[in-house]
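Enquirer: According to this note's numbering, the stretch in the sequence shown is residues 530 to 611, in order.
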Amino acid sequence: MEKIIYDILIVVMLVISAFIVVAIFMQPSKQDGAADAFSGGTGELFERRKARGFEAIMQRFTAVMIGAWLVVGFALVVLSTR
Numbered sequence: 530m531e532k533i534i535y536d537i538l539i540v541v542m543l544v545i546s547a548f549i550v551v552a553i554f555m556q557p558s559k560q561d562g563a564a565d566a567f568s569g570g571t572g573e574l575f576e577r578r579k580a581r582g583f584e585a586i587m588q589r590f591t592a593v594m595i596g597a598w599l600v601v602g603f604a605l606v607v608l609s610t611r
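1. For my contact list, T591 and I545 are in at a C-beta cut-off of 8 Å; report their separation, rounded to the angstrom.
2. Go through its chain and collect everything with a Cβ distance to L538's Cβ below 8 Å, but skip five positions before and after it.
3. Just to check my reading of the structure: P557 and E584 have Cβ atoms closer than 8 Å, yes? What is that Cβ distance to the nearest angstrom?
4. Assign K532 to one of three DSSP states: helix, strand, or coil.
5. Tell me the DSSP secondary structure of G582 in three-state form.
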């Protein structure tokens with residue numbers, strides 16, 4: 530029975546990992562270009578911007594997926610030590 534649960538958790542871990550990669554790639558870029566790193570940019574480095582709309586949803590989704598990934602990873606560690 531533990532072997533079946535372990536195999537299911539491995540599949541869940543892989544699916545969550547794929548969702549995390551997709552979610553990270555879908556997030557909007559916060560850089561305007563590489564040239565800004567050398568020229569000083571527009572001075573927005575220390576400004577606080579609250580994420581709104583799609584950006585906020587993607588940040589929350591990514592955080593939830595990472596939390597789920599950690600929980601599944603911990604469960605896999607516990608099962609593998611038995």
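A virtual CB, placed ideally from N, CA and C, is assigned to each residue, including glycine.
Expert: Here's the rundown:
1. As a first step, residue 591 must be located in the sequence shown, where it is residue number 62. As a first step, residue 545 must be located in the sequence shown, where it is residue number 16. T591 to I545, Cβ: 11 Å. No contact.
2. To locate residue 538, count along the sequence shown from 1; it is residue 9. Cβ neighbours of L538 beyond the five flanking positions: V601, A604, L605 and L608.
3. As a first step, residue 557 must be located in the sequence shown, where it is residue number 28. As a first step, residue 584 must be located in the sequence shown, where it is residue number 55. Yes, P557 and E584 are in contact; Cβ-Cβ is about 6 Å, under 8 Å.
4. Here residue 532 corresponds to residue number 3 of the sequence shown, with the count starting at 1. If DSSP states are grouped into helix, strand and coil, K532 belongs with the helices.
5. Numbered from its first residue, the sequence shown carries residue 582 at position 53. Correct three-state label for G582: coil.
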